[in-house]
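Engineer: Chains A and B, in that order, are what the protein sequence lines are. Here numbering that gives the first Met the number 0 is used: the first residue of the first sequence is 0, the next is one more, and so on. Here numbering that gives the first Met the number 0 is used: the first residue of the second sequence is 0, the next is one more, and so on. Before I ask anything, let me first share the structure, which is written out below as structure tokens.
Protein chains: 2
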Amino acid sequence: MNRPDLYPSRCGAAPGITERLDPVVYARDWLRGPLNQSQVSAYDRDGFLLLENFFSAAEIAEFVLELERLRHDPQVRASEATITERSSQAVRSIFRVHEDSPVFTTLARDERLIDIARFLLDDEVYIHQSRLNYKPGFRGKEFYWHSDFETWHVEDGMPRMRALSMSITLTDNHSCNGPLLLIPGSHRHFVICAGETPAQHFKSSLKKQEYGVPDDASLTRLVEQGGIVEATGKAGSLIIFDCNAMHGSNGNITPFPRSNAFFVYNAVSNRVGNPFSGQAPRPGYICTRE
Amino acid sequence: MNRPDLYPSRCGAAPGITERLDPVVYARDWLRGPLNQSQVSAYDRDGFLLLENFFSAAEIAEFVLELERLRHDPQVRASEATITERSSQAVRSIFRVHEDSPVFTTLARDERLIDIARFLLDDEVYIHQSRLNYKPGFRGKEFYWHSDFETWHVEDGMPRMRALSMSITLTDNHSCNGPLLLIPGSHRHFVICAGETPAQHFKSSLKKQEYGVPDDASLTRLVEQGGIVEATGKAGSLIIFDCNAMHGSNGNITPFPRSNAFFVYNAVSNRVGNPFSGQAPRPGYICTRE
């Protein structure tokens, strides 16, 4: 497969910043869609959009019930699609919930979400990845800064920046319990990461990222330009963010867990191919290929 | 030495909460002091007080210059009183700065600080401990929840709750760069910690606390009662907090370091004796004994 690599990273080159070569909002007519003009502009400019009270209390209650059921289900705990914390064996993430859980299968297909994804990407969409993230109280560890696209490109073979993530908050997100941190405007730059990708990197990277990590100087530049926004708010918020938005979160020593459901919609025209790393593809529970 | 142990902890008993047996504000006349009535009431009720703009920009600039000088001084780096991060060898804390740095010797004796300490403790005071805390950007690790008094009692032999800490912020404290977190009202309860104290515990505890750690149930109870307050604000704030206030801080993945100077004033009537753990005393750079 000889597709050109438009976003080379982890190729042994020095780390640094290049420009994005793809649109952010693919919709041709910003006035005809499920988002209003100022929401589309904000998404285009910042690379993300936080919509509070997107889901009703009753909907969130149902999602939380399912989240708790999955977390305590021995079969789910034993699944390769369930990732535990490095130190405590507490559940950190459960992948592929858009297939393995009836509740989250329905949510992944919710017309309110699909319409927004179709509009912003101007294409039919499919789920590239889904997961539940638990950030337990007291001992929740940080997620270091990263661009999801960098990983999906290098490790999954996603060719272009034509995908987005939707995070549905299942617990209140305070500034003190490790909320999602985003760097506005970072999505317009591609941070080339140092190093190369070892085989089977996914086995450790889902617990702690060691490759595909942006360098300090690039992060500093992005933050100087755009600052940092904390995605705080009540349970039931929808956070939509571009596949290349630089984000992360601090750890959480508070008693308040921080959980969310996370769906990645990719344009069908942007289906993944062979990983640009040259390694074998990651398993299906991390990256949909069919 | 047969002093009674009024606050037994790490004695093999189950973890749990007992009540404080000592006053918080020792001053007999709250109207005659360097703090106003509402400030004294807030300190008594919450166990801490945040005073913004306490130091001028010129003063802070001088402190920061000294902080940077110390951090890059090879002799200081090599000192036993300098603690590095577990993973990165970055400087985490420098102890005994009230003796080893002329600038911080002067600050520790600043009449504005001493007057408040004397007033709240109603006694002459001395420095029990001093340090500079660096929480570097990108890879700053959390400080887990703790009561300083629990450690000073068990490991240093401080008999009663008649000491307080003053933290002078040397960088801006945002909610996203791991600010000090405090549990209002926690100072009125003493959390008995499980386990015992190994010999030479200080060698690892200054990097990561493993003994004297409050249990989840007690922390949950304290937070349910009092919530969590983030001590955010511009550089130059003074945070005064009771020796038994439960506090901690999350890690810091942002590029913004978080630094402060930290002085502990103890009442001379409350001088430390033999550690209640039965272990040998900690070194002089952690606990003043002369």
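Glycine is no exception: its CB is placed at the ideal position from the N, C-alpha and C atoms.
In chain order, what are the residue ranges of uninterrupted alpha helix (DSSP H) at least 4 long that sit wholly in the region 144–205 of chain B?
Structural biologist: 147–155 and 201–204
Engineer: For VAL24 of chain A, would you say it is in contact with chain B, using Cβ-to-Cβ distances shorter than 9 Å as the test?
Structural biologist: no
Engineer: Along chain B, which residues have their Cβ under 7 Å away from the Cβ of ASN251 of chain A?
Structural biologist: ASN249
Engineer: Closer than 7 Å between beta carbons: that is the criterion. Which residues of the region 157–176 of chain A meet it against chain B?
Structural biologist: SER174 and CYS175
Engineer: If I follow the unbroken beta strand (DSSP E) through GLU18 of chain A, where does it start and stop?
Structural biologist: 15–18
Engineer: Can you pull the DSSP bridge partners for ASP241 of chain B?
Structural biologist: B:LEU163
Engineer: Quick one, which of A:ARG288, A:GLY283 and A:ASN269 has its alpha-carbon nearest ARG2 of chain A's?
Structural biologist: The shortest C-alpha separation from ARG2 of chain A is found at A:ASN269.
Engineer: Taking the C-alpha atoms as reference points, what is the distance between ASP147 of chain B and ASP21 of chain A?
Structural biologist: 53 Å
Engineer: Does ILE59 of chain B come out as helix, strand or coil in the three-state DSSP assignment?
Structural biologist: Note: ILE59 of chain B maps to helix in three-state DSSP.
Engineer: Report the residues of the region 224–237 of chain B with a CB closer than 7 Å to any CB of chain A, ordered along the chain.
Structural biologist: Legend: CB atoms of the region 224–237 of chain B lying less than 7 Å from CB atoms of chain A belong to residues ILE227 and GLU229.
Engineer: Take GLY211 of chain B and list the residues in its own chain whose beta-carbon comes closer than 6 Å to its own, dropping the five residues that flank it on each side.
Structural biologist: GLU149, THR150 and CYS192
Engineer: Does DSSP put ARG91 of chain A in a helix, a strand or coil?
Structural biologist: strand
Engineer: Should the region 163–182 of chain A be called in touch with the region 225–235 of chain A, which here means at least 3 C-beta pairs below 8 Å?
Structural biologist: yes
Engineer: Taking all protein chains shown into account, do 16 or more other C-beta atoms lie within 10 angstroms of the C-beta of ALA116 of chain B, making it buried, or fewer, making it exposed?
Structural biologist: It is buried - the Cβ of ALA116 of chain B has at least 16 other Cβ atoms within 10 Å.
Engineer: So, at 7 Å on beta carbons, what are the nonlocal neighbours of ILE239 of chain B in its own chain, with the 5 sequence-adjacent residues on each side left out?
Structural biologist: TYR42, PHE47, LEU48, ILE115, LEU163 and MET165
Engineer: Could you run through the region 125–149 of chain B and flag, in chain order, every residue whose CB is less than 7 Å away from some CB of chain A?
Structural biologist: Result list: PHE137, GLU141, TYR143 and TRP144.
Engineer: Check whether the Cβ of LEU49 of chain A lies closer than 9 Å to any Cβ atom in chain B.
Structural biologist: no
Engineer: Work out the CA separation of PRO158 of chain B and SER276 of chain B for me, nearest whole Å.
Structural biologist: 12 Å
Engineer: Among the candidates A:GLN278, A:TYR284 and A:ALA266, whose CA atom is the shortest distance from the CA of LEU119 of chain A?
Structural biologist: Measuring from the Cα of LEU119 of chain A, the nearest candidate turns out to be A:ALA266.
Engineer: Based on the DSSP output, what are the partners of ASN126 of chain B in its beta bridges?
Structural biologist: Correcting the residue identity first, residue 126 of chain B is Ile in this sequence and not Asn. According to DSSP, ILE126 of chain B bridges with B:TYR264.
Engineer: Using a Cβ-Cβ cutoff of less than 6 Å, which residues in the same chain neighbour GLU51 of chain A once the five nearest sequence positions on both sides are dropped?
Structural biologist: GLY232 and SER236
Engineer: Would you mind working out which of A:SER87, A:ASP109, A:GLN88 and A:LEU69 sits nearest ASP99 of chain A, comparing C-alpha positions?
Structural biologist: Taking only the C-alpha atoms, the option nearest ASP99 of chain A is A:LEU69.
Engineer: Using the beta-carbon of each residue, which ones in chain B are nearer than 7 Å to LEU181 of chain A?
Structural biologist: For LEU181 of chain A, no chain B residue has a Cβ inside 7 Å of its Cβ, as the nearest lies near 11 Å away.
Engineer: On a Cα-Cα basis, can you pick out the residue from B:ASN249, B:GLY247 and B:TYR143 that is closest to GLU209 of chain B?
Structural biologist: B:TYR143
Engineer: Pull the bridge partners of LEU221 of chain A from the DSSP assignment, please.
Structural biologist: As computed with DSSP, LEU221 of chain A is found in no beta bridge at all.
Engineer: Tell me which residue opens and which closes the alpha helix (DSSP H) that THR105 of chain B is part of.
Structural biologist: That run of the alpha helix (DSSP H) goes 101–107.
Engineer: Looking only at its chain, what residues have a beta carbon closer than 7 Å to the beta carbon of ILE113 of chain A, apart from the 5 residues adjacent to it on each side?
Structural biologist: VAL124
Engineer: Quick one: list the residues of chain B neighbouring VAL222 of chain A, beta-carbon separation under 9 Å, in chain order.
Structural biologist: THR253, PRO254 and PHE255
Engineer: Would you call the CB atoms of ARG19 of chain A and HIS188 of chain A closer than 9 Å?
Structural biologist: yes
Engineer: Starting from LYS134 of chain B, follow its DSSP beta bridges and name the residues at the other end.
Structural biologist: B:ARG257
Engineer: First and last residue of the beta strand (DSSP E) that includes LEU50 of chain B?
Structural biologist: Residues 47–50.
Engineer: Output the distance between the C-alpha atoms of PRO197 of chain A and ILE252 of chain B, rounded to the nearest integer angstrom.
Structural biologist: 24 Å
Engineer: Give me the residue from A:GLY250, A:THR168 and A:GLY226 with the minimum Cα distance to GLU84 of chain A.
Structural biologist: A:GLY250
Engineer: Does ASP45 of chain A get closer than 9 Å to chain B when you measure Cβ to Cβ?
Structural biologist: Chain B, which has no Cβ nearer than 9 Å to the Cβ of ASP45 of chain A, makes this no.
Engineer: Does DSSP put HIS37 of chain A in a helix, in a strand, or in coil?
Structural biologist: Correcting the residue type first, residue 37 of chain A is Ser in the shown sequence and not His. DSSP places SER37 of chain A within a helical segment (H, G or I) once states are collapsed to three.
Engineer: Relative to the C-alpha of ASP214 of chain A, which residue among A:LEU5, A:GLY15 and A:CYS10 is closest?
Structural biologist: A:GLY15
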